[in-house]
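For reference, the structure is listed below as structure tokens.
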Amino acid sequence: MAQANPFQDPLRFERRVPPCAVVIFGANGDLTKRKLLPSLYRLAFERRLPQGFAVVGISRTEMSDEDFRKKMEASVKEFLENSPFDQDLWDDFARGLFYLAGDVGDDAMYQRLSARLDEIAQARQTASNTLFYLSTQPSHYGTAARGLGRAGLARGANGAWRRLVVEKPFGHDQTSARELELALHEHFAEEQLYRIDHYLGKETVQNILAFRFGNPLFEPLWNRQYINSVQITAAESIGVEGRGGYYQETGALRDMIQNHLLQVLATVAMEPSAVFEATAVRDERAKLLRSIRIYKPSEVDQHAVAGQYGPANAGGKELVGFRQEEGVDAKAMTDTYAAVEFQIENWRWAGVPFYVRTGKRMPKRVTDIAIRFNHVPHSLFMTEGVDTARPNLLILRIQPEEGISLRFSSKQPGPGMKLRPVSMDFNYGSSFGSRTPTAYETLLVDAMIGDATLYTRQDMVEASWEAVQPILNVWGNRTDDPFPNYEAGSWGPKAADELLARRGNEWRLA
Ligand code: BG6
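The numbering of the sequence shown is our numbering, which starts it at 645 and goes up by one.
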């Protein structure tokens, strides 16, 4: 049911986190040490956490509370980006950290957890509110959700809330996504489920909505009449960084496009919702995702390109190929690069290609959205013997140099009418100065408050799988071996250029 517009409710601006405990499954894993604990510590540093607060880490390794605190202290120090570490604050925060060794498949573990949470609720005054966070191996998600349910942990007593945050991937394909959904819903109601897609928590992704719907200037142009094409790039310079085994089974299309980049695309292309509230915003995103054209198997090769990096010497540095990475099969058919031309079949976007690409071992780390407007209808300045004006280009820079720039043509000073592209720039750093919260800080606060606006929803997950599934099927059934087809440290395979050239386009950075 739609709730009241939060913009009309001054109390919502305070966004005060209620007393609660956060229970992390997979406490020994990478995400906990790199993102979750540094984000929680950072929230404590900013005084955003309530007095009554606790964290319970769960994993199989035997460890005491004290060992866990020490381990987390080291991780927070290592991964706290651009933030100071305050020892006194940490010591205080660490008193609220607890650890439970156990196996997600063991019912007795949930009984112990339940007893422990009761003690902690008393000792730390958490009011028994609990946020369970699944950051284990994805194959354990269903087991953990069922284990919590069977132990009665999915329901709080006396008004205490229970919520479950689930990390991506939400399934490996359409079928497994539905299976996971059934397992989650056995004991948890939809309002209790928070499916995290950390791209939605990035300030710059949220700002796309502010830019589009907080300014009357651009929205009238935001359609097929004025926009020629949209490019979304998420390039990473890193390789698979010790995640060879996982990545080999996943690939770029599943790892980045099915979730993060389709969410970004939906944010760029969705209709405005009537209010800024979870159901309304997510309905619009879902509607957009459902408008993506589903390719027939015979169309896939015309609209999607897979790549895999081979070894190279990039700038004097020897880089191994994907197949030589640790944990990767010598014949792995994994896509470490994927480019797809999506088409949105609705009134606003019919005929406008949305080019989405992502890859590991690209020349640099950059995530941005480039919106290319149409050419002027009549080229006035051609008569001067000068090249026609280049089309306007709006670039929304997600990372690392967060900002927005608009390219337009300007008269070059001097005789005649020579045009040159110039740009108007907005930079977060210089405009706002202050440090922006990381996506995990934002999303953790939202889940603790109970605001699911920036979380994804099952219908969105399923629509995204539907859009990529035909491509995965065609790539999965390939009998030839085209890989490797790009050098580590380059902008991807040649075929990706041809994908755009067909409509007279080219990648902006290449
Ligand atoms: C993760 C992917 O979801 O997102 C990683 O599994 C990828 O492979 C990461 O590196 C990128 O996130 P960010 O925030 O660094 O752009």
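Glycine included, every Cβ here is placed at the ideal spot set by N, Cα and C.
With respect to the 8 Å criterion, residue 880 and residue 1009 are classified as neighbours on the basis of their beta carbons.
Remark: C-beta atoms of residue 691 and residue 883 do not approach each other more closely than 8 Å. Residue 961 carries a strand assignment under DSSP once its states are collapsed to helix, strand and coil.
Counting along the chain, the unbroken beta strand (DSSP E) around residue 871 starts and ends at 871–879.
Linking residue 761 to residue 661 through their CA atoms gives a straight-line distance of about 19 Å.
Close CB contacts of residue 1066 within its chain, under the 8 Å cut and outside five residues either way in sequence, are with 1051, 1052, 1053 and 1054 (chain order).
Taking residue 1097 as the centre and dropping the five residues before and after it, the same chain places the C-beta of 922 and 925 closer than 6 Å to its C-beta, in chain order.
Residue 707 carries a coil assignment under DSSP once its states are collapsed to helix, strand and coil. 1148 is the residue among 841, 1148 and 767 whose C-alpha sits nearest the C-alpha of residue 1016. Remark: C-beta atoms of residue 895 and residue 978 approach each other more closely than 8 Å.
Scanning the region 686–749 from its first residue to its last, the whole beta strand (DSSP E) runs of 3-plus residues come out as 697–703 and 741–745.
Boundaries of the alpha helix (DSSP H) around residue 1102: 1102–1120.
Pairing residue 991 with residue 1115, the inter-Cα distance amounts to about 25 Å.
Ranked by Cα distance from residue 724, the options 1112, 1084, 902 and 1093 are led by 1084. For residue 1043, same chain residues with a beta-carbon under 6 Å away, outside a window of 5 residues either side, are 1011 in chain order.
Nearest in C-alpha terms to residue 953, of all of 1048, 727, 767 and 982, is 982. In this structure residue 803 is exposed. Its beta-carbon is surrounded by fewer than 16 other beta-carbon atoms within 10 angstroms. Rounded to whole angstroms, the gap between the alpha carbons of residue 1014 and residue 1039 is 4 Å.
Residue burial is scored here from C-beta neighbours: residue 1092 has at least 16 other C-beta atoms within 10 angstroms and is therefore classed as buried. Between residue 984 and residue 948 a beta carbon distance of about 5 Å is seen, short of the 8 Å cut, so the two are scored as contacting. With respect to the 8 Å criterion, residue 1126 and residue 965 are not classified as neighbours on the basis of their beta carbons.
Within its own chain, the residues whose Cβ lies closer than 6 Å to the Cβ of residue 706, once the five positions on either side in sequence are excluded, are 745, listed in chain order. Contact annotation, residue 909 with residue 998: C-beta distance approximately 6 Å; criterion of less than 8 Å satisfied. Contact check between the region 861–874 and the region 1073–1089: fewer than three CB pairs, one atom from each, fall below 8 Å, which does not count as touching. When the alpha-carbon of residue 702 is set against those of 696, 695, 712 and 693, the nearest one is in 712. In this structure, residue 1140 keeps its C-beta atom at 8 Å or more from the C-beta atom of residue 958. For residue 820, the three-state secondary structure derived from DSSP is helix. For residue 900, the distance from the CB to the nearest heavy atom of the ligand BG6 is below 7 Å. Remark: the C-beta of residue 816 is outside contact range of the ligand BG6, defined as less than 7 Å to any heavy atom. For the beta strand (DSSP E) assignment, the uninterrupted runs of no fewer than 3 residues enclosed by the region 959–1010 are, from N- to C-terminal side, 961–963, 981–987 and 997–1003. For residue 1146, the three-state secondary structure derived from DSSP is coil.
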